[in-house]
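Taking it in order: structure first as structure tokens, then the write-up.
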Amino acid sequence: MEPETFPEELADALVGVQRLMRRRLRREMTDARLRGAEVDLLRLVETRPGIGVSDGAKGLGPAANSVPTLVNELVQAGYLVRETDPADRRAARLLPTPAGTRLRAWRRRRADLVRRHVSRLDETDRQALHAAIPALRKLAGTLHEETEET
2 MEPETFPEEL
12 ADALVGVQRL
22 MRRRLRREMT
32 DARLRGAEVD
42 LLRLVETRPG
52 IGVSDGAKGL
62 GPAANSVPTL
72 VNELVQAGYL
82 VRETDPADRR
92 AARLLPTPAG
102 TRLRAWRRRR
112 ADLVRRHVSR
122 LDETDRQALH
132 AAIPALRKLA
142 GTLHEETEET
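All residue numbers for the sequence shown refer to our numbering, where the first residue is 2 and numbers rise by one.
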């Protein structure tokens, strides 16, 4: 691997793996498909139940006006509940519904899929992937920070 081609090769590999996992998992789904931003918002609400819409926008990083639209769509679809914040009657809190927790099942299926395919790799490759996790998390962190700055 040449240093000048490394960023492109890494980006292509990450996108390829993500796309193939998503395609494979979607075949097994019977529910309506959610867009990436909807999944990201549901994931955020699931990990931080009661989060406000403005904090959701900060957590996701998209344009501030897109999060209220996503919230409305997910509330109408039955994945989220929006309730008034008792501490600030002008603010809304977001909570997942039982349907909104379907991400847990998705993550289980995703982990099972990755587990099956990683087990097909030799020990050296499995160790290399495991060793890369901290660096990939740091990369995601710097990308997230840059998103918040803009």
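In this text, a Cβ means the ideal position worked out from N, Cα and C, and glycines have one as well.
Item                                                                                                                                                            : Value
According to DSSP, which residues form a beta bridge with THR85?                                                                                                : ALA93
Taking only runs of the alpha helix (DSSP H) that begin and end inside the stretch 94-143, which ones reach a length of at least 4 residues, in chain order?    : 103-119
Evaluate contact between the stretch 117-124 and the stretch 133-141, counting only Cβ atoms and requiring at least three cross-stretch pairs below 8 Å.        : no
Please state whether the Cβ-Cβ distance between VAL46 and GLY101 is less than 8 Å.                                                                              : yes
Candidates GLU84, ALA58 and HIS118: which alpha carbon is nearest MET22's?                                                                                      : HIS118
Got a sec? Which residues, its chain only, sit under 7 Å from ARG111 by beta carbon, not counting five neighbours each side?                                    : MET22 and LEU26
Looking only at its chain, what residues have a beta carbon closer than 6 Å to the beta carbon of PHE86, apart from the 5 residues adjacent to it on each side? : With the sequence shown as reference, residue 86 is identified as Asp, and Phe is not the correct amino acid for it. Once the five neighbours on either side are set aside, the close Cβ partners of ASP86 are ALA92 and ARG94.
Exposed or buried, what is VAL115 when buried is set at 16 or more other beta-carbons lying within 10 Å of its beta-carbon?                                     : exposed
In whole angstroms, what is the alpha-carbon distance linking GLN77 and GLY37?                                                                                  : 17 Å
What does the alpha-carbon distance come out to for the pair ALA12 and THR143?                                                                                  : 15 Å
Give the C-beta separation of LEU42 and VAL82 to the nearest angstrom, bearing in mind that I take them to be a contact with Cβ-Cβ under 8 Å.                   : Contact doesn't hold; Cβ gap of about 13 Å is too wide.
So LEU239 and GLU39 are supposed to be a Cβ contact under 8 Å. How far apart are they, rounded?                                                                 : The chain is shown from 2 up to 151; residue 239 falls before or after that span and cannot be answered.
Between the Cα of GLY51 and the Cα atoms of GLY17, ASN73 and PRO97, which residue gives the shortest distance?                                                  : PRO97
How should LEU71 be labelled, buried or exposed, when 16 other C-beta atoms within 10 angstroms of its C-beta is the threshold for buried?                      : buried
Look at ARG49 and LEU104 and say whether their C-beta atoms are less than 8 Å apart.                                                                            : no
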